[in-house]
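Undergrad:
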Amino acid sequence: MDKQVLDKMLRPKSVAIIGASATPGKIGYTVVDNIIKGGYTGKIYPINPTCTEILGLKTYPEIEQVPDEIDSAIITVPAKVMAEVVEECGRKGVKGLIVITSGFSEVGRKDLEDQMLEIAARYGMRILGPNIVGSLSNSDKFNGSFAPGLPFPGKASLVTQSGALLIALDMATYTRRVGFDKLISIGNMADVDFADLIEWFDEDENTTCVSLYIEGMKNGRKFIDAARKSSKPIVALKSGVSAHGAAAAASHTGSLAGAAKIYTSAFKQAGVIQATDLNDLFNRTLTLSQQPPMKGDNLLILSNGGGVGVLATDAAEKYGIPLKFAPADVQEELKKHMPDFGSAKNPVDLTGMAGNDWYYQTTKFSFSHKWTDGLVVLYCETAMTNPQEIAESIKKAVDESGLKDKPITVSFVGGEKSDKAMGWLVENGIPAFGAPDIAVNAMASLRDYARLQEYKNSDHFETDEKAKQMALDVIAKARADNRDSLTEIEAKEVFKAYGMPVTSISLSKTEDEAVALGKKIGFPLVLKIVSPDILHKSDAGGVKVNIKDEAGIREAFQTILKNAKAYKADADIHGVAIQEMAPWGTEVILGSVNDPAFGPTVMFGLGGIFVEVLKDVTFRVTPVSHAQAEEMIGEIKGAPILAGVRGEKPRDKKELAKAIYQYSCMIYDLQDEIKESDANPVLVYEEGTGLKVADARIILKAK
Ligand code: ACO
14 MDKQVLDKML RPKSVAIIGA SATPGKIGYT VVDNIIKGGY TGKIYPINPT
64 CTEILGLKTY PEIEQVPDEI DSAIITVPAK VMAEVVEECG RKGVKGLIVI
114 TSGFSEVGRK DLEDQMLEIA ARYGMRILGP NIVGSLSNSD KFNGSFAPGL
164 PFPGKASLVT QSGALLIALD MATYTRRVGF DKLISIGNMA DVDFADLIEW
214 FDEDENTTCV SLYIEGMKNG RKFIDAARKS SKPIVALKSG VSAHGAAAAA
264 SHTGSLAGAA KIYTSAFKQA GVIQATDLND LFNRTLTLSQ QPPMKGDNLL
314 ILSNGGGVGV LATDAAEKYG IPLKFAPADV QEELKKHMPD FGSAKNPVDL
364 TGMAGNDWYY QTTKFSFSHK WTDGLVVLYC ETAMTNPQEI AESIKKAVDE
414 SGLKDKPITV SFVGGEKSDK AMGWLVENGI PAFGAPDIAV NAMASLRDYA
464 RLQEYKNSDH FETDEKAKQM ALDVIAKARA DNRDSLTEIE AKEVFKAYGM
514 PVTSISLSKT EDEAVALGKK IGFPLVLKIV SPDILHKSDA GGVKVNIKDE
564 AGIREAFQTI LKNAKAYKAD ADIHGVAIQE MAPWGTEVIL GSVNDPAFGP
614 TVMFGLGGIF VEVLKDVTFR VTPVSHAQAE EMIGEIKGAP ILAGVRGEKP
664 RDKKELAKAI YQYSCMIYDL QDEIKESDAN PVLVYEEGTG LKVADARIIL
714 KAK
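Residue numbers (this note's numbering): 14 to 716.
(1) Classify E66: buried if its beta carbon has 16 or more other beta carbons within 10 angstroms, exposed otherwise.
(2) At the level of alpha carbons, what is the spacing between A270 and F632?
(3) With DSSP as the reference, please indicate the residues paired to N607 in a beta bridge.
(4) What residues are listed by DSSP as bridge partners for S638?
(5) What is the DSSP secondary structure of R567, reduced to helix, strand or coil?
(6) F508 and A709 look like a contact to me (Cβ under 8 Å); what is the Cβ gap, rounded to whole Å?
(7) Are N359 and I314 close, meaning C-beta to C-beta below 8 Å?
(8) Check whether the Cβ atoms of A328 and D450 sit closer than 8 Å, and answer yes or no.
(9) Work out the CA separation of L182 and T188 for me, nearest whole Å.
(10) Would you mind reading off the limits of the alpha helix (DSSP H) that contains Y676?
(11) Cα separation between V146 and N61?
(12) The ligand ADP and S115: does the residue's C-beta get closer than 7 Å to at least one heavy atom of that ligand?
(13) For G176, is the beta carbon positioned less than 7 Å from some heavy atom of the ligand ACO?
(14) Please report the distance separating the alpha-carbon of S198 from that of F159.
(15) Spell out the partners DSSP gives T221 in its beta bridges.
(16) What do you reckon, is the C-beta of V98 under 7 Å from a heavy atom of the ligand ACO?
(17) For the beta strand (DSSP E) that contains Q304, what are its first and last residues?
(18) In terms of residue numbering, what span does the alpha helix (DSSP H) encompassing V423 cover?
(19) Kindly indicate the opening and closing residues of the alpha helix (DSSP H) around K105.
(20) Identify whether V515 lies in helix, strand or coil by the three-state DSSP scheme.
(21) Give me the Cα-Cα distance between Y674 and G162, rounded to the nearest whole angstrom.
(22) Distance, Cα to Cα, T54 vs L627?
(23) Shortest alpha-carbon distance to D525 belongs to which of R492, F570, K561, P514?
(24) Assign M138 to buried or exposed, taking buried as 16 or more other Cβ atoms, counted over all protein chains shown, within 10 Å of its Cβ.
(25) Measure the alpha-carbon distance for G51 versus K71 and round it to whole angstroms.
(26) In the region 422-499, which residue ranges form an unbroken alpha helix (DSSP H) of at least 4 residues, counting only runs that do not cross its ends?
(27) Going along the chain, which residues of its own chain have a beta-carbon closer than 7 Å to the beta-carbon of H639, five neighbours each way excluded?
(28) With distances taken Cα to Cα, identify the nearest neighbour of G598 among G703, V606, S551, D552.
(29) Verify the contact flag: V94, CB atom, against every heavy atom of the ligand ACO, threshold strictly below 7 Å.
(30) Excluding the 5 residues preceding and the 5 following L713 in the sequence, name in chain order all residues of the same chain whose CB lies nearer than 8 Å to its CB.
(31) Hey, quick one: how far does the beta strand (DSSP E) through Q287 stretch, first residue to last?
(32) Does DSSP classify E526 as helix, strand or coil?
(33) With a threshold of 16 other CB atoms inside 10 Å of the CB of V28, please say whether the residue is buried or exposed.
(34) How many angstroms separate the CA atom of D124 from the CA atom of L141?
(35) For the pair the region 306-323 and the region 392-403, tell me if three or more CB-CB distances fall below 8 Å.
(36) Find the nearest neighbour of G612 within the set K578, K251, V634, judged by alpha-carbon distance.
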């Protein structure tokens, strides 16, 4: 990540603006003006070949003529002269370039971007952008951008792929009272990417939470690794969630994969908290930048009104921290600070009679009590109370508790006075929101953060070298035949190598061979066409099930060959597979596709109508741990079916989780070989009796 280079680029002691202009309204003018107005105390060197002074600063015609060292160069010259300028920066010894200029890969000129990168690499320079607004740092009073001004100060830092969004949000940080230390526009991410900045922020003492606006990324694995290592909360908003790459996919899984599902899974696996929209990004960023994680599930809500309490209760359930009644000793104590008609259960209703003292006493007691893992304080503005005094009572109570590892969020519902009081709370480190559900959602993000810390470290994976070699041998045979897909028999050999139970299957080339094999495997049987040219066997009339005797085998054998030839006259037919007919079980599907950003992924869902119509599936980026496999089983909508409904016995979820894990190992190990794959159906039996992969498909990467 080149910490020192990024330090120089983003927190420079001296900065040159190449393409600085004396003409107001031009970007090259605005950047110089912004740096001055922001109060930057480092050295500023405008570079322009045609003038001698810009905004009172001496101007140099070329960066190489500047007598001092330059840490960071902000570039605002047109794309066509970029190569020349980057070369000059290299010769000058500048290490960090902030390239505001547009007109590169975003408009199909990747060649210009590559040229710039090649020069930068030669000199060991790093590039932010191109096609960006710039970079802003409150703690350095550095506004190296054409955004309106430094943001509302705080401890979060934002990285955004959309420059327009940075400009739009910059001043909104004041009205929304969400404090940021750094705002960084990352644009085309030709070089410095999200992962680099996540790593860099981890060592930035002025950042306590990293906030990301993501449109897409090229190297998802690097992102996951960096996020997993981060010791700071990361909250991300992903836009552009329509399906990608799905249309061209040949397998079932391919058509079900979508950017949204894979990003959501990847965020989870990386320990990143996902925001649902811009408001959510702001609210969660504020909360995570100011409060510690919520380490347990005991949420206590204090309020002075039933309505807000009920809204908060609904939100608690919705966001995954459902309320429990407070223990008897907590209720006893709380009752001392409310009238008889109040409620000391949870949510606690202090009633409209609650004043400063009741808020102070109950906040202090509840926050300090060991049962409480997180406290949400709600207040509805009344004529007998002053919101500012209530805010101060809450703050005093929290301070006096001396606790730094327990979170609190607040909601005041009222008018201008309430709004002001909330502003005061935020400035004093307590996140406050205008609606009770948002305060609860904010608390839930702190709970999510704690849960994700455990989850992201649950991953454990080791390559099974023996299994891998067996699989590679099977694949090598297919490659030697110039095939880009395995037959079902071969695919099952690969699955079997990784320990997955597959139905017995053998290839017969003649009717008599089929009969002999069938008798050996035992009835009932399934007969299937084996041809690398016929992937969708049922569509070709290439599958016959429930064959009960020798006559049945002979008839099915002939019919299948006839149908296959009618379906595709020139198909390369290897023969007919004779397969054990697995007994009925709950049908599930396992699948895999290569995501453009995150590489090999694993999909799981219920089979049949659930996958065809309801698309009730879930994804993970491989490798998937046992814990993650169990979680995948639990998170599909059809999960209760596996748990056993309407008198059905529960299915063998333990063996299913093991199979998902084994499948993920297979996909991860063979990622250079496998393009797409699925096991459909996998038949899952009653608890303790396992499962069987009834059909398996593997499509190879073109080589
Ligand atoms: N060294 C130093 N200065 C130079 C050099 C050089 N080699 N070559 C030209 N210059 C000077 C020019 O003389 C000019 O200064 P002047 O005003 O004194 O004449 C200055 O650099 C700028 O050059 P212009 O040709 O006037 O270019 P202009 O200012 O019109 O545009 C810009 C340059 C802003 C970089 C433009 O090409 C561009 O990319 N605009 C889009 C930037 C953007 O929006 N980025 C964010 C995207 S995200 C979002 O959408 C918000």
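Cβ coordinates follow ideal geometry from the N, Cα and C atoms, glycine included.
TA: Here's the rundown:
(1) Position 53 of the sequence shown, counting from 1, holds the residue named residue 66. Exposed.
(2) Reading the sequence shown from its first residue, position 257 is the one you call residue 270. Reading the sequence shown from its first residue, position 619 is the one you call residue 632. Confidence in A270 is poor, its pLDDT being 49 and thus under 50, which makes the residue's placement unreliable; the coordinate value appears in the next sentence. The straight-line gap from Cα to Cα measures roughly 8 Å.
(3) Counting from one through the sequence shown, the residue named residue 607 turns up at place 594. N607 is bridged by DSSP to P613.
(4) Taking the sequence shown and counting its residues from 1, the one referred to as residue 638 is at position 625. The partner list for S638 (beta bridge, DSSP) is empty, contrary to what the question assumes.
(5) Within the sequence shown, the letter at position 554 stands for residue 567. Helix at R567.
(6) Locating residue 508 in the sequence shown gives position 495, counting from the first residue. Locating residue 709 in the sequence shown gives position 696, counting from the first residue. 5 Å between Cβ atoms; contact.
(7) As a working mapping, residue 359 is identified with position 346 in the sequence shown. As a working mapping, residue 314 is identified with position 301 in the sequence shown. In terms of Cβ geometry, N359 and I314 form a close pair [threshold 8 Å].
(8) One-based indexing of the sequence shown puts residue 328 at position 315. One-based indexing of the sequence shown puts residue 450 at position 437. At the C-beta level, A328 and D450 come within 8 Å of one another.
(9) Taking the sequence shown and counting its residues from 1, one reaches residue 188 at position 175. Taking the sequence shown and counting its residues from 1, one reaches residue 182 at position 169. Approximately 10 Å between the Cα atoms of the pair.
(10) Against the sequence shown, residue 676 aligns to sequence position 663. That run of the alpha helix (DSSP H) goes 666-682.
(11) If you number the sequence shown from 1, residue 146 lands on position 133. If you number the sequence shown from 1, residue 61 lands on position 48. Taking C-alpha positions only, V146 is separated from N61 by approximately 20 Å.
(12) The ligand ADP is not part of the structure shown, which contains the ligand ACO as its ligands.
(13) As a first step, residue 176 is located in the sequence shown; it is residue number 163 there, counting from the start. The nearest non-hydrogen atom of the ligand ACO is less than 7 Å from the C-beta of G176.
(14) Your numbering for residue 198 matches position 185 in the sequence shown. Your numbering for residue 159 matches position 146 in the sequence shown. Annotation: S198 to F159 spans about 11 Å, alpha carbon to alpha carbon.
(15) As a position in the sequence shown, residue 221 is number 208, starting the count at 1. Answer is none; T221 lacks a bridge partner.
(16) As a position in the sequence shown, residue 98 is number 85, starting the count at 1. Remark: the shortest separation between the CB of V98 and any heavy atom of the ligand ACO falls under 7 Å.
(17) Taking the first residue of the sequence shown as 1, we reach residue 304 at position 291. Premise fails: Q304 is in no beta strand (DSSP E) and is neither H nor E.
(18) Here residue 423 corresponds to residue number 410 of the sequence shown, with the count starting at 1. No alpha helix (DSSP H) contains V423, which is instead part of the beta strand (DSSP E) from 421-426.
(19) On the sequence shown, position 92 is the one that residue 105 refers to. Here the alpha helix (DSSP H) through K105 covers 95-105.
(20) Along the sequence shown, read from residue 1 onward, the residue named residue 515 stands at position 502. The answer is strand: DSSP assigns V515 an E or B state.
(21) On the sequence shown, residue 674 is found 661 positions in, with the first residue counted as 1. On the sequence shown, residue 162 is found 149 positions in, with the first residue counted as 1. Taking the straight line from one Cα to the other gives about 50 Å.
(22) Working through the sequence shown from its first residue, we reach residue 54 at position 41. Working through the sequence shown from its first residue, we reach residue 627 at position 614. Roughly 59 Å between the two C-alpha positions.
(23) Here residue 525 is taken as the residue at index 512 of the sequence shown, counted from 1. Each of R492, F570, K561, P514 was checked against the Cα of D525, and the nearest Cα belongs to F570.
(24) Numbered from its first residue, the sequence shown carries residue 138 at position 125. Answer is buried; the Cβ neighbour count reaches 16.
(25) On the sequence shown, position 38 is the one that residue 51 refers to. On the sequence shown, position 58 is the one that residue 71 refers to. Between the alpha carbons of G51 and K71 lies a gap of roughly 19 Å.
(26) Runs found: 429-440, 449-469, 478-493.
(27) As a first step, residue 639 must be located in the sequence shown, where it is residue number 626. Closer than 7 Å at Cβ, skipping near neighbours: A670, Y674.
(28) Within the sequence shown, the letter at position 585 stands for residue 598. Ranked by how close their Cα comes to the Cα of G598, the residues G703, V606, S551, D552 have G703 in first place.
(29) Translated into positions along the sequence shown, residue 94 becomes position 81. The answer is yes for V94.
(30) Within the sequence shown, the letter at position 700 stands for residue 713. Counting only residues of its own chain and dropping the five nearest sequence neighbours on each side, L713 has a CB closer than 8 Å to the CB of I488, A491, R492, R496, D497, S498, L499, E686, I687, K688.
(31) Position 274 of the sequence shown, counted from the start, is the residue given in the question as residue 287. Where Q287 is concerned, the enclosing beta strand (DSSP E) stretches over 286-288.
(32) Along the sequence shown, read from residue 1 onward, the residue named residue 526 stands at position 513. It is helical.
(33) As a position in the sequence shown, residue 28 is number 15, starting the count at 1. Buried, by the Cβ-count rule.
(34) Within the sequence shown, the letter at position 111 stands for residue 124. Within the sequence shown, the letter at position 128 stands for residue 141. If you draw a straight line from the Cα of D124 to the Cα of L141, it comes to about 17 Å.
(35) Verdict: yes, contact present.
(36) For this step, residue 612 is matched to residue 599 along the sequence shown. Checked all of K578, K251, V634; the closest Cα to G612 is V634.
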